[in-house]
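K.L.:
Heads up: the sequence shown begins at 77 in the numbering used here, then just goes up one per residue.
Dropping a structure here in structure tokens format, bear with me for questions.
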Amino acid sequence: MPVKQKDAKAFVAEWHRHHKPPAGAVFCIGAADDDAVLRAVAMVGRPVARMLDNGQTLEVTRTATDGAFNANSLLYGAAWRAAQALGYTRLVTYTQDGESGASLRGAGWRVIAQIPPRKGWDCPSRSRKSHGVDQVGRLRWEAPHDRIAKDCPLPSKG
């Protein structure tokens with residue numbers, strides 16, 4: 077289901093384990109139960125890494141769930157279908173060292189890079205506060221290219 081950005085940010089602020097909501101998003105989606113109660117959200121935006129921001133790539137910048145079973149896997153798959161429907165050709169996301177990536181594997185994503193820990197973003201020319209993720213290694217994951225968004229067929233000509 078579509079989710080307004082302000083509602084997705086509020087959900088992330090309440091339920092995400094270690095990050096605040098991102099500044100913005102291209103789109104936000106959610107998973108709701110049978111009573112239309114929001115149980116999980118995914119926020120998808122432009123890639124944080126400048127080298128990936130090529131106009132064809134998006135990044136799942138945040139997911140959060142209240143513990144709903146398989147909600148993250150569902151959202152990773154839905155985010156990829158939505159990105160493809162919008163014309164994007166690549167979708168990436170990251171996990172921190174120590175996170176299993178089970179939701180991503182369940183949605184068919186694969187690891188494409190191992191990123192070593194950074195010392196931090198603070199430097200003499202531009203001081204910055206730590207956001208608690210310095211000195212943490214990460215894995216970059218990519219949505220499966222071999223899967224076409226079956227729920228979003230191309231319109232027929234004619």
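Glycine is no exception: its CB is placed at the ideal position from the N, C-alpha and C atoms.
To which residues of the same chain is residue 149 closer than 6 Å at the C-beta, ignoring the five residues directly before and after it?
P.N.:
Counting only residues of its own chain and dropping the five nearest sequence neighbours on each side, residue 149 has a CB closer than 6 Å to the CB of 179, 182 and 183.
K.L.:
Grab the span of the beta strand (DSSP E) containing residue 134 for me, first residue to last.
P.N.:
Residue range 133-141 is occupied by the beta strand (DSSP E) that includes residue 134.
K.L.:
Which residue's Cα is closest to the Cα of residue 100: 118, 211, 176 and 162?
P.N.:
118
K.L.:
So, is residue 138 buried or exposed, given that buried needs 16 or more other C-beta atoms within 10 angstroms?
P.N.:
buried
K.L.:
To the nearest whole angstrom, what separates the beta carbons of residue 165 and residue 214, a pair I think is in contact under 8 Å?
P.N.:
No, residue 165 and residue 214 are not in contact; Cβ-Cβ is about 23 Å, not under 8 Å.
K.L.:
Can you list, in chain order, the residues of its chain with a C-beta nearer than 8 Å to that of residue 227? Leave out the 5 residues immediately preceding and following it.
P.N.:
Unreliable placement is indicated for residue 227, whose pLDDT of 46 sits below 50; the coordinate value is still reported in the next sentence. Cβ within range, chain order: 157.
K.L.:
Considering only their Cβ atoms, is the gap separating residue 122 from residue 141 smaller than 8 Å?
P.N.:
No, the Cβ-Cβ distance between residue 141 and residue 122 is not below 8 Å.
K.L.:
With 16 other CB atoms within 10 Å as the buried threshold, where does residue 153 fall?
P.N.:
The residue is buried, with at least 16 neighbouring Cβ atoms inside 10 Å.
K.L.:
Have a look at the DSSP bridge pairing and note the partners of residue 106.
P.N.:
Partner(s): 117.
K.L.:
Would residue 174 and residue 217 be called neighbours here (beta carbons separated by less than 8 Å)?
P.N.:
no
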